[in-house]
Amino acid sequence: MRRLATVLIVAVGLIQAAPIVGAVASDFDGFYGVHVADDPNLLILLRSRAVYYGIVGIFLLYAVWRRQYLGPAMLLTGTGLGAYALHALLEPDHNSKLGVLIVIDLVAVALLVIAWILERSAAGASQRTGANGSTGLR
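For the sequence shown, counting from 1, position 32 maps to 71 in the numbering used here; every step adds exactly one.
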């Protein structure tokens, strides 16, 4: 179960880290369907958002190897993804590219929830069996 949880977490981490390309490429027309070349203020906001999401994704990927950070990393990632999806769903006049991102983010949140359940199940199973594999029953 822990391996499947790890695969799901890595997948979400990669999804979450992907916007950092937007901070470098600045192809917001292609990624989000919004034209920002004429508005430097909006460009700054979108670039900083992309960097934030990229850092959160990298933190989630780091937490795969440093499990003590996994809970906070999953919470931070899920909150960011959920907040974006909620804000976008509450604004009905978004374009189709943002609609695709809503679906991607909702799928990523669902994968995180599944990974969290699997991770908790694996942690509970390892506590019940102990470090040496015994069940603790005599």
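For each residue, glycine too, the CB sits at the ideal point set by N, CA and C.
Beta-carbon proximity of residue i to residue j, cut-off 9 Å
{"i": "Val148", "j": "Leu120", "result": "yes"}
{"i": "Ala122", "j": "Leu140", "result": "no"}
{"i": "Trp155", "j": "Ala62", "result": "no"}
{"i": "Val91", "j": "Lys136", "result": "At residue 91 the sequence reads Tyr, which differs from the Val that was named. Going by C-beta atoms, Tyr91 is not nearer than 9 Å to Lys136."}
{"i": "Val60", "j": "Gly117", "result": "no"}
{"i": "Leu115", "j": "Leu47", "result": "no"}
Residue i versus residue j: straight-line alpha-carbon distance, rounded
{"i": "Met113", "j": "Asn80", "result": "30 Å"}
{"i": "Asp78", "j": "Ala56", "result": "25 Å"}
{"i": "Leu84", "j": "Ala161", "result": "40 Å"}
{"i": "Leu150", "j": "Val95", "result": "16 Å"}
{"i": "Tyr101", "j": "Val73", "result": "31 Å"}
{"i": "Leu99", "j": "Gly52", "result": "5 Å"}
{"i": "Pro58", "j": "Val103", "result": "20 Å"}
{"i": "Arg241", "j": "Arg159", "result": "The question about residue 241 has no answer, for the chain in this structure spans 40 to 177."}
{"i": "Arg88", "j": "Leu82", "result": "10 Å"}
{"i": "Val146", "j": "Ala50", "result": "11 Å"}
{"i": "Leu129", "j": "Ile143", "result": "16 Å"}
Delimiting residues of the alpha helix (DSSP H) encompassing residue i
{"i": "Arg88", "result": "Pro79 to Trp104"}
{"i": "Val49", "result": "Arg41 to Ala56"}
{"i": "Gly12", "result": "No statement about residue 12 is possible, as the shown extent of the chain runs from 40 to 177 and does not include it."}
{"i": "Gly69", "result": "Phe67 to Tyr71"}
Buried versus exposed call for residue i [16 or more other C-beta atoms within 10 Å across all chains shown]
{"i": "Ala124", "result": "buried"}
{"i": "Ala164", "result": "exposed"}
{"i": "Asp68", "result": "exposed"}
{"i": "Gly138", "result": "exposed"}
{"i": "Leu109", "result": "buried"}
{"i": "Ile54", "result": "buried"}
{"i": "Asp132", "result": "exposed"}
Heavy atom of the ligand FAD within 8 Å of residue i beta-carbon
{"i": "Leu109", "result": "Here there are no bound small molecules, and the ligand FAD is not part of this structure."}
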